[in-house]
Amino acid sequence: MARVAVSMAAAPTTPAVELEDIQGLMRFAYKHHTEAVFLLLRITDRAAARTWLARAAITDAVTRDPAPNTALQVAVTSGGLRALGVAEDIIHSFSPEFVEGMAGDPGRSRRLGDQGANDPARWQWGSGKRIPHVAVLLYALPGLLRGLQHTIEEQLRAGFEIAVRLTTANLDGVEPFGFVDGISQPELDWSRQRAVRDVGQRSYVNLSCLGEYLLGYPNEYGLYTPRALLGPHRDAQEILPRAEDAPESCDLGRNGSYLVLRQLRQDVPGFWQALDRYAGGDAARREQLASAMVGRKLDGQPLIVLQSSAAPASDDPQSSMNAFDYRSDPQGLRCPLGAHIRRANPRNADLPPGADGIVSRLVRTLGFDGPARERDLVASTRFHRLLRRGREYGVGVTPAQALAGTGAGEDRGLHFVCLGANLQRQFEFVQSAWLMSTKFDGMREESDPLLGNRLPVAAGMPADRFSAAQPNGPSQCLTGLPQFVTVLGGAYFFLPGIRALRFLSGTH
Ligand code: HEM
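Residues in the sequence shown are numbered from 317 upward in steps of one, following the numbering used here.
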């Protein structure tokens, strides 16, 4: 296969990235492809399913001008690999989280906040017999989805049952609560310029090693994330590439990633009506509270003053709204410590703030500094980044309509999608330790203000609060927050490299 060098400046010893083998979603959000549908499939005929997967016209990550009118991406669950007849030892060489599945273990469900109204037993899809085998993600320029979907569904008929069609809505870049979304993303080091290292990095940077998202490349530890490596005898047709770090092995992971899909229903009237009650009907206060919970204003502006020094390298226009970290606001006076974006990406580096001297580093490293230990919970953001690719669904309502009760009871929300090479260290860590945990950055009785399930934790400690530090006096604290987001379904998928998909659809 021809290899495409993304940058002429790439070090001569660094192998170039094989964009033709990578599914396009890794590189593009398909923002101009405003129409999309996610088909969740169960395999009904193994041979026919394999034939389709072997021939499917997967859209790759090569930049084309003009961009293709439509895009097709395919991902598979561990149950899907089994249904395809992939050997059990190969399946077990994938990560345990993927093999067990999102709803496969009560401990995992508890950590992810999938309890109470979010309990997998209540999901519309993704647990028990309703775990999909394959996800087919279709994207199209305006007006072209219907035809594409019709063609693909005809092709799928022989080998699959379409268990769920997750339709999406184009809300012009605004998520259902009314906030501009899709602003902050890690920048992937496609040219492999970023020095890989396992030493402390002292400031937050947005550029992230490719191996954080793509299997088969070095990650932020300078290591290759464990993945399915096979002896050459398993790949007699020599479909797979050799592993960069172990050339004697065939790399089934290379150019692939794990894909997390969660259907998150948003109670938009419930959100705005609750905030209105807390604000005593004051419109400005209501919007201020909502912004404090998100960490950005409705138009996407961050609550933190933008700094030119923290500007990411990207020339993406959205990145101007990303040029900040939280060093100027250690107490959360501008952006509450528990705001959604501050929990989801605390934007700090390897060491807690203030850990500049050798002695101070040693004291903290040895764990003798109590407050710093708590801050350690949010350190080292670079190991916990997510590449988000979600799409909204349902009919949009404005905050004013939601306040008036319009759309109450309707199903709308986010088909949350994120990509990462390590499910445990990325999605599961962010979801459980930062978003759902009530112990975050010194706080005790609150979880993420948007996503929390509000269920009391052990010993009846409440988890339904939201606090915001005030400059002159005690923190302001909202109590009795209702649940605004409910999980309706979810699954972990493997988004294979295109050669890996052909390999998996063969006979082994
Ligand atoms: C219905 C559910 C959710 C809503 C309404 C929501 C809303 C938002 C909004 C408005 C932003 C700011 C815009 C941006 O930076 O792109 C944001 C950022 C973000 N969200 Fe969510 N989100 C939801 C679920 C999640 C989940 C489940 C996760 C992870 C497990 C997550 C992780 C993030 C991350 C990593 C950022 C970027 C933070 C940063 O880098 O500053 N979100 N979200």
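Cβ coordinates follow ideal geometry from the N, Cα and C atoms, glycine included.
| request: Express the C-alpha separation of PHE640 and ALA627 in angstroms, rounding to a whole number. | output: Because ALA627 carries a pLDDT of 49, less than 50, the predicted location of this residue cannot be relied on, and the following value inherits that uncertainty. In a straight line, the C-alpha of ALA627 is about 7 Å away from that of PHE640.
| request: May I have the straight-line CA-CA distance separating ALA590 from ALA352, to the nearest angstrom? | output: So the two alpha carbons sit approximately 32 Å from each other.
| said: Could you tell me the alpha carbon to alpha carbon distance between VAL801 and LEU568, rounded to whole angstroms? | reply: Looking at the two C-alpha atoms, the distance is approximately 36 Å.
| field | Alpha carbon of ALA399 to alpha carbon of ARG704, nearest angstrom | value | C-alpha separation (whole angstroms): 28 Å.
| request: Could you check the C-alpha separation between GLN786 and SER607 for me, to the nearest Å? | output: GLN786 and SER607: Cα-Cα distance of roughly 15 Å.
| task | Have a look at GLU491 and LEU614 and give me their C-alpha separation to the nearest angstrom. | result | Their Cα atoms are separated by approximately 10 Å.
| field | TRP750 (DSSP reduced to helix, strand or coil) | value | It is helical.
| Close Cβ partners of ALA364 (< 7 Å) along its chain, the five nearest in sequence each way excluded | Counting only Cβ-Cβ distances below 7 Å, and skipping sequence neighbours, we find ALA474, GLY475.
| request: Please name the residue, chosen from MET759, LEU811, ARG558, that lies closest to CYS793 on a Cα-to-Cα basis. | output: The alpha carbon of CYS793 has as its nearest neighbour, out of MET759, LEU811, ARG558, the alpha carbon of MET759.
| query | Which same chain residues, not among the five before or five after ILE555, have their C-beta less than 6 Å away from its C-beta? | reply | Listed in chain order, the non-local C-beta contacts of ILE555 below 6 Å within the same chain comprise ARG815, ARG818, PHE819, local neighbours out to five positions each way being set aside.
| query | By how many angstroms is the C-alpha of PRO502 removed from the C-alpha of SER630? | reply | Reliability of the predicted coordinates at SER630 is poor, the pLDDT of 49 falling under 50, and no value is obtained from them.
| field | Inter-residue spacing [alpha-carbon to alpha-carbon] between ALA775 and LYS755 | value | Annotation: ALA775 to LYS755 spans about 14 Å, alpha carbon to alpha carbon.
| said: Can you tell me whether HIS549 is buried or exposed? The criterion is at least 16 other CB atoms within 10 Å of its CB, across all chains shown. | reply: Classification for HIS549: exposed.
| task | Would you tell me roughly how many angstroms separate the C-alpha atoms of VAL610 and ILE657, rounded to the nearest one? | result | C-alpha of VAL610 to C-alpha of ILE657: approximately 6 Å in a straight line.
| task | State yes or no: is the C-beta of PHE732 nearer than 7 Å to some heavy atom of ligand 1? | result | Result yes, Cβ under 7 Å from ligand 1.
| message | Quick check: the Cα distance between ALA599 and ASP592, rounded to an integer number of angstroms? | response | Roughly 7 Å separates the two Cα atoms.
| request: Please confirm whether any heavy atom of ligand 1 lies closer than 7 Å to the CB of ASN827. | output: With the chain represented from 317 up to 824, any question about residue 827 goes unanswered, as that position is not in the structure.
| query | Under 8 Å between the Cβ atoms of VAL415 and LEU575? | reply | Taking the C-beta atoms as reference points, LEU575 is found no nearer than 8 Å to VAL415.
| Rounded C-alpha distance that separates SER821 from LEU369 | Going by the C-alpha atoms only, they are around 6 Å apart.
| message | Let me confirm a value: ARG689 is counted as buried when at least 16 other C-beta atoms fall within 10 Å, else exposed. Which label applies? | response | Interpretation of ARG689 is limited by its pLDDT of 47, a score under 50 that renders its predicted location unreliable; the figure taken from the coordinates is listed afterwards. Exposed, by the Cβ-count rule.
| request: Compute the minimum distance between the beta carbon of ASP727 and the heavy atoms of ligand 1, and state whether it is under 7 Å. | output: No, ligand 1 has no heavy atom inside 7 Å of this Cβ.
| task | For HIS731, write down the residues that DSSP places opposite it in a beta bridge. | result | Bridge partners of HIS731: GLN579, ARG707.
| Residue from HIS349, GLN339, GLY527, LEU719 with nearest C-alpha to ARG707 | Comparing Cα-Cα distances from ARG707 to each of HIS349, GLN339, GLY527, LEU719, the minimum goes to HIS349.
| Does DSSP classify GLY813 as helix, strand or coil? | In the structure shown, GLY813 adopts coil according to DSSP, grouped into three states.
| query | Any idea what DSSP makes of MET342, helix, strand or coil? | reply | Annotated three-state conformation of MET342 is helix, per DSSP.
| field | Distance between SER394 and ASN385 (C-alpha atoms, nearest Å) | value | Approximately 31 Å between the Cα atoms of the pair.
| said: Does the distance between the C-beta of GLU603 and the nearest non-hydrogen atom of ligand 1 fall short of 7 Å? | reply: For GLU603, the Cβ stays outside the 7 Å cut-off from all heavy atoms of ligand 1.
| request: Compute the minimum distance between the beta carbon of VAL657 and the heavy atoms of ligand 1, and state whether it is under 7 Å. | output: Going by the sequence as given, residue 657 is Ile instead of Val. Set against 7 Å, the gap from the CB of ILE657 to the closest heavy atom of ligand 1 is smaller.
| query | Where does ALA387 fall in DSSP's three states? | reply | Taken through DSSP and simplified to helix, strand or coil, ALA387 comes out as strand.
| Any heavy atom of ligand 2 within a distance shorter than 7 Å of the CB on GLY805? | For ligand 2, the structure offers nothing, since it holds only ligand 1.
| So what does DSSP say about MET418, is it helix, strand or coil? | MET418: coil per DSSP, three-state reduction.
| query | In chain order, what residues of the same chain have a beta carbon less than 7 Å from the beta carbon of PRO715, not counting five sequence neighbours either side? | reply | Correct list, in chain order: GLY494, TRP588.
| Residues in its own chain within less than 6 Å of LEU453 by CB, not counting five upstream and five downstream? | The answer, listed in chain order, is PHE354, GLN389.
| query | Between which two residues does the beta strand (DSSP E) containing ALA370 stretch? | reply | Taken as a continuous stretch (DSSP letters only), ALA370 belongs to no beta strand (DSSP E), being part of the alpha helix (DSSP H) at 362-371.
| query | Okay, do the segment 735-745 and the segment 717-726 touch, 3+ Cβ pairs below 8 Å being the bar? | reply | Contact between the segment 735-745 and the segment 717-726 is absent, because fewer than three Cβ pairs lie under 8 Å.
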